[in-house]
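Student: Just add 145 to wherever you are in the sequence shown, counting from 1, and you've got the working numbering. Input: one structure, supplied below.
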Amino acid sequence: MTSRTVTLLDVARAAGVSKSTVSDALQGSGRVAEATRDRVRAVAEELGYRPNSAARRLRRASTGAVGLHLPATATRLDYYMNLAFGAVERAQEDGLDMVLLAPSGAAGGRIASRVDGLLVIDPEPGDSAVPGLLDAGVPVVTGERYLGPTTGPSGAVVCDNAASLTALLDHVTERGARRPALLAPSGSSAWATALRATAGSWGRAHGVAVTLRTVPFAATPAEAEAATRALLAADPAVDAVICAPDGSAPGVLRAATALGRKVGATSATSATSACGTTSASSASEASGGNGRNGEGARSESGRSESAGPGRPGGAAAAVGPMSAGLLVASCVDGTATRGAEPPVTAVDLRPAAYGRACAELLCDILADRAAPDTVRRHSWSLETRASTGSPG
């Protein structure tokens with residue numbers, strides 16, 4: 146019928162009966178008229194409903210637990226730990242325990258026999274455990290959409306990741322950046338895909354060359370430092386670095402310090418400071434309007450790329466590589482960005498609230514308070530700090 150798993154509720158709606166009637170009709174139990182039983186079975190076959198033994202056991206008695214699957218790198222990332230705590234707290238409000246699944250996952254049927262539903266956070270098409278979880282026969286809610294080819298989840302909670310990166314790029318250009326760069330996450334998750342695509346589309350729309358350098362999805366500060374050093378050595382005109390991975394911003398700051406780049410200032414703001422003004426509007430005027438040049442970026446793993454017919458010229462390209470300032474920002478806020486020196490401008494994805502939202506949707510689906518294909522949106526905020534020349 147559809148790309149997602151057909152549920153008892155789907156059959157009930159199509160047959161015009163209750164969910165419990167469908168369950169009794171398919172299992173041959175309860176007081177269901179023969180004509181109704183035949184109609185329900187015909188509808189179930191037409192829709193492609195496929196029960197499994199684990200799901201049937203769950204329909205007879207709740208386990209009182211839900212499962213949580215996180216990316217393999219989650220245990221060392223502040224973001225996922227906060228998300229997990231939020232999910233646990235919300236599940237407990239509905240009387241459900243939260244079971245943290247091993248990163249490698251287990252067979253869907255065995256998992257489904259132990260939980261009433263599943264939360265799968267940032268599902269990566271390359272994660273071999275995800276298809277089995279999505280096809281386990283219990284309701285599944287994903288944190289971010291699943292872009293793989295297998296059966297879709299029951300529901301999803303999503304962030305507008307394109308809008309959050311757009312806000313960061315707008316912010317650093319307003320603060321004087323003319324050559325922004327993004328340390329973009331590798332992989333094919335919805336988050337990573339959206340960030341890489343947005344860097345290109347924003348660059349094309351604004352006529353600004355956004356330089357991309359691909360780093361691991363969960364890049365460490367050391368990996369971010371090495372990537373930033375290589376980036377600035379290859380393209381000294383870069384005057385703003387936005388790092389995507391959670392916790393990687395301190396590495397960017399260390400690279401800037403080692404290369405003598407003043408964090409929180411750009412060549413444009415530094416030039417206007419010498420003339421007695423530090424406003425973003427004055428910096429823009431001093432550098433000749435908006436300073437836009439080139440086109441959007443293309444990403445190639447491990448290499449810097451600037452789109453457009455040639456390397457951007459003008460004032461930004463003429464700035465001395467070691468004397469220029471550097472704006473630094475992050476796509477994920479957390480302890481590392483708030484406690485850095487200087488504090489780093491970042492997108493607060495509100496992970497604990499996000500975890501709560503995911504668990505709440507799963508609870509609502511399990512209690513028939515929400516349809517299985519519900520998609521809800523989660524809000525974020527931009528926290529501006531000293532690393533982009535903004536007061537903390």
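Each residue gets a CB set at the ideal place from its N, CA and C atoms; glycine is no exception.
Are the segment 222 to 230 and the segment 275 to 286 touching by the rule of at least three beta carbon pairs closer than 8 Å?
Tutor: No: fewer than three Cβ pairs fall under 8 Å.
Student: So the candidates are 338, 269, 324 and 160; which of them puts its Cα closest to the Cα of residue 297?
Tutor: Measuring from the Cα of residue 297, the nearest candidate turns out to be 269.
Student: Judging by CA-CA distance, which residue of 187, 150 and 228 is the nearest neighbour of residue 548?
Tutor: The question about residue 548 has no answer, for the chain in this structure spans 146 to 537.
Student: Which residue marks the beginning of the alpha helix (DSSP H) containing residue 269, and which one marks its end?
Tutor: That residue, residue 269, is in no alpha helix (DSSP H); it is neither H nor E in DSSP.
Student: Residue 407 bridges to which residues according to DSSP?
Tutor: The partner list for residue 407 (beta bridge, DSSP) reads 470.
Student: Near residue 521, what residues of its chain come up, given a Cβ to Cβ distance below 8 Å and the 5 sequence neighbours on each side ignored?
Tutor: Closer than 8 Å at Cβ, skipping near neighbours: 300, 301, 302, 303, 502 and 506.
Student: Give the DSSP-derived three-state secondary structure of residue 348 in the structure shown.
Tutor: Helix.
Student: Under three-state DSSP, which class holds residue 168?
Tutor: Three-state result, residue 168: helix.
Student: Considering just the uninterrupted stretch of the alpha helix (DSSP H) at residue 508, what are its terminal residues?
Tutor: 496 to 511 is the extent of the alpha helix (DSSP H) around residue 508.
Student: Leaving out the 5 sequence neighbours to the left and right, which residues in its chain are closer than 6 Å to residue 400 when beta-carbon positions are compared?
Tutor: So the qualifying residues of the chain are 370, 373 and 374.
Student: Taking all protein chains shown into account, do 16 or more other C-beta atoms lie within 10 angstroms of the C-beta of residue 486, making it buried, or fewer, making it exposed?
Tutor: It is exposed - the Cβ of residue 486 has fewer than 16 other Cβ atoms within 10 Å.
Student: Under 8 Å, with one C-beta from each stretch per pair, do the segment 188 to 196 and the segment 228 to 245 reach the 3-pair mark?
Tutor: No contact exists between the segment 188 to 196 and the segment 228 to 245.
Student: Within the present structure, is the beta-carbon of residue 154 separated from the nearest heavy atom of the ligand SAH by less than 7 Å?
Tutor: Of ligands this structure carries none, so the ligand SAH is not represented either.
Student: Using a Cβ-Cβ cutoff of less than 7 Å, which residues in the same chain neighbour residue 238 once the five nearest sequence positions on both sides are dropped?
Tutor: So the list is empty, once near-sequence residues are dropped.
Student: By the DSSP assignment, the alpha helix (DSSP H) with residue 222 in it spans what residues?
Tutor: Unbroken run through residue 222: none, as it is neither H nor E.
Student: What residue does the beta strand (DSSP E) around residue 242 start on, and which one ends it?
Tutor: Element bounds for residue 242: 242 to 245.
Student: In chain order, what residues of the same chain have a beta carbon less than 8 Å from the beta carbon of residue 210, not counting five sequence neighbours either side?
Tutor: So the qualifying residues of the chain are 241, 242, 243, 244, 259, 260 and 261.
Student: Using the three-state DSSP reduction, which class does residue 325 fall into: helix, strand or coil?
Tutor: Looking at residue 325 - three-state DSSP - the assignment turns out to be strand.
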